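Enquirer: Here's a structure for you.
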Amino acid sequence: MLNKNLTLGEFIIKNQSSFKYSSGELSSLINSIRLAAKIVNHEVNKAGLVDIIGETGDENIQSEKQQKLDVYANNKFIKTLVNRNIVCGIASEEEENFISINSIDKKNQNKYIVLIDPLDGSSNIDVNVSVGTIFSIYRRKSKIGSEVELNDFLQFGRDQVAAGYIIYGTSTMLVYTTGNGVNGFTLNPAIGTFYHSHSNLSIPKDGKIYSINEGNYLQFPEFVKKYIKFCQEEKNERPYTSRYIGSLVSDFHRNMIKGGIFLYPQTLKNPNGKLRLLYECNPIAFICEQAGGIATNGYKNILDIEPELLHQRTPFYCGSEKMVKDLQKFI
Ligand code: AHG
Ligand code: MN
Ligand code: MN
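Using the working numbering, the letters of the sequence shown correspond one by one to residues 3 to 333.
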């Protein structure tokens, strides 16, 4: 039962025993993410007032221009996780290589690793549109106490222990799953506390919203072009409504609540798609599946793709079950 007086901190403690591997470590880890989220939220909220808007002048490993807030959020999440001695490894969109905490703290006995997109939708910062943070958590595969290895990060999405996102929107929410359904918490900014606002979120089986950057239409594979025309046909419940914010977190969140499909296909510019498997698609796919939806690259369930690279990209289609199945009929 939903109790809107329950704080995220209380919820974590109450549900600790339902984690796949029950130990206080994962609870502390989610608590650390909660803390970093509040710090980043505070900065995002006053973006227009402080010198945090715009580009840094640098590019990240994927040749994307880094925004000041990308770097700020990256530093805050990494610092919080390192300082609280809560993980053994971190990989981030903004870092070329993964970070092994054991090289900083030789006595580190933690078993979890985190993959993170510290600021998702960063092209929207300067124009006061919702952005987000996405995170994915695994147990390490290598021996506890040793340096983490690339293989600790290249795990199947299916093996995630927890995943979630923060959406810095009209209100700020933290949404996450540990494999027992999806729960959402809304921040009361006056007192800096997240409250349980959405219990057992489920995505409607069918929907009327399709979300895609249609500016790339001419570059899309045939089946996507056909599906877009299907969405636009005047038949049955169609035409559908097109909604595209350009922040995966925000687009997915809306579709999860209202019913819809999100599409980011391969294009000529991005032959493997644009979105990153490990810290964008996998966590969103895990949440989507936990909410009753489907996430696929067109041919394979996202959670069953074997990762080969830290910053690997993939085409991404996810959302309401019926809509994703309709899309797949055109393949
Ligand atoms: P990021 O800001 O972390 O690089 O991610 C941006 C992503 C994603 O949030 C969004 O869905 C997509 O890029 C938008 O891409 P287009 O501008 O090509 O539509
Ligand atoms: Mn992103
Ligand atoms: Mn990002």
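Yeah, the Cβ is synthetic: ideal placement off N, Cα and C, and Gly gets one too. Here the structure is a predicted model, which means the values were calculated and not measured.
Residues in the same chain with beta-carbon distance under 6 Å from Pro285, minus the five sequence neighbours each way, listed in chain order, please.
Expert: Within the same chain, Pro285 has close Cβ partners Ile136, Ser138, Ala165.
Enquirer: Does the beta-carbon of Leu250, which I'm using as the reference point, lie nearer than 7 Å to any heavy atom of ligand 2?
Expert: Leu250: yes, Cβ under 7 Å from ligand 2.
Enquirer: Give me every residue whose Cβ sits closer than 5 Å to any heavy atom of ligand 3, in chain order.
Expert: The set, ordered by position in the chain, is Glu95, Asp119, Leu121, Asp122.
Enquirer: Applying the criterion that 16 or more other CB atoms from any shown protein chain within 10 Å of the CB defines a buried residue, is Pro206 buried or exposed?
Expert: By the 10 Å Cβ count, Pro206 comes out buried.
Enquirer: If you reduce the DSSP assignment to three classes, tell me which class Asp208 lands in.
Expert: Correct three-state label for Asp208: coil.
Enquirer: Do Phe264 and Cys320 have their C-beta atoms within less than 8 Å of each other?
Expert: Cβ atoms of Phe264 and Cys320: closer than 8 Å.
Enquirer: Among Tyr197, Leu220, Ile101, whose alpha-carbon lies nearest the alpha-carbon of Glu12?
Expert: If we check each option's Cα against that of Glu12, Tyr197 comes out closest.
Enquirer: Short check: CB of Tyr178 to CB of Asp161, under 8 Å?
Expert: Against a cut-off of 8 Å, the Cβ pair of Asp161 and Tyr178 comes out as no contact.
Enquirer: Put His313 into one of helix, strand or coil per three-state DSSP.
Expert: Of the three classes helix, strand and coil, the one that applies to His313 here is coil, per DSSP.
Enquirer: With 16 other CB atoms within 10 Å as the buried threshold, where does Tyr301 fall?
Expert: Exposed is the call here.
Enquirer: What do you reckon, are the CB atoms on Asp154 and Lys145 nearer than 8 Å?
Expert: No.
Enquirer: Using only the heavy atoms of ligand 1, determine whether one of them is closer than 7 Å to the beta carbon of Tyr266.
Expert: Yes; taking the cut-off as 7 Å, the Cβ of Tyr266 has a heavy atom of ligand 1 nearer than that.
Enquirer: Kindly list the residues whose CB is nearer than 8 Å to the CB of Ser20, restricted to its own chain and excluding five residues on each side of it in sequence; keep chain order.
Expert: Cβ within range, chain order: Thr180, Asn182.
Enquirer: Cutting at 8 Å between CB atoms, please list the residues of its own chain near Tyr114, excluding the five before and the five after it.
Expert: These residues qualify, in order along the chain: Glu27, Leu28, Leu31, Ile88, Val89, Cys90, Ile139, Tyr140, Arg141, Arg142, Val163.
Enquirer: Examine ligand 1 and report whether any of its heavy atoms sits within less than 7 Å of the Cβ of Lys327.
Expert: No, the beta carbon of Lys327 sits no closer than 7 Å to any heavy atom of ligand 1.
Enquirer: Would you grab the beta carbon distance between Glu282 and Leu311 for me? Rounded to a whole angstrom, and I think it's under 8 Å.
Expert: Their Cβ separation, rounded to whole angstroms, is 14 Å, which puts Glu282 and Leu311 out of contact at 8 Å.
Enquirer: Counting Cβ pairs closer than 8 Å, one from the stretch 323-331 and one from the stretch 206-218, do we hit at least three?
Expert: Contact holds: three or more Cβ-Cβ distances are below 8 Å.
Enquirer: Alpha carbon to alpha carbon, what distance is there between Tyr242 and Ala75?
Expert: Approximately 35 Å between the Cα atoms of the pair.
Enquirer: Looking only at DSSP bridge pairs, what is Tyr167 linked to?
Expert: BP columns for Tyr167 point to Ile136, Val177.
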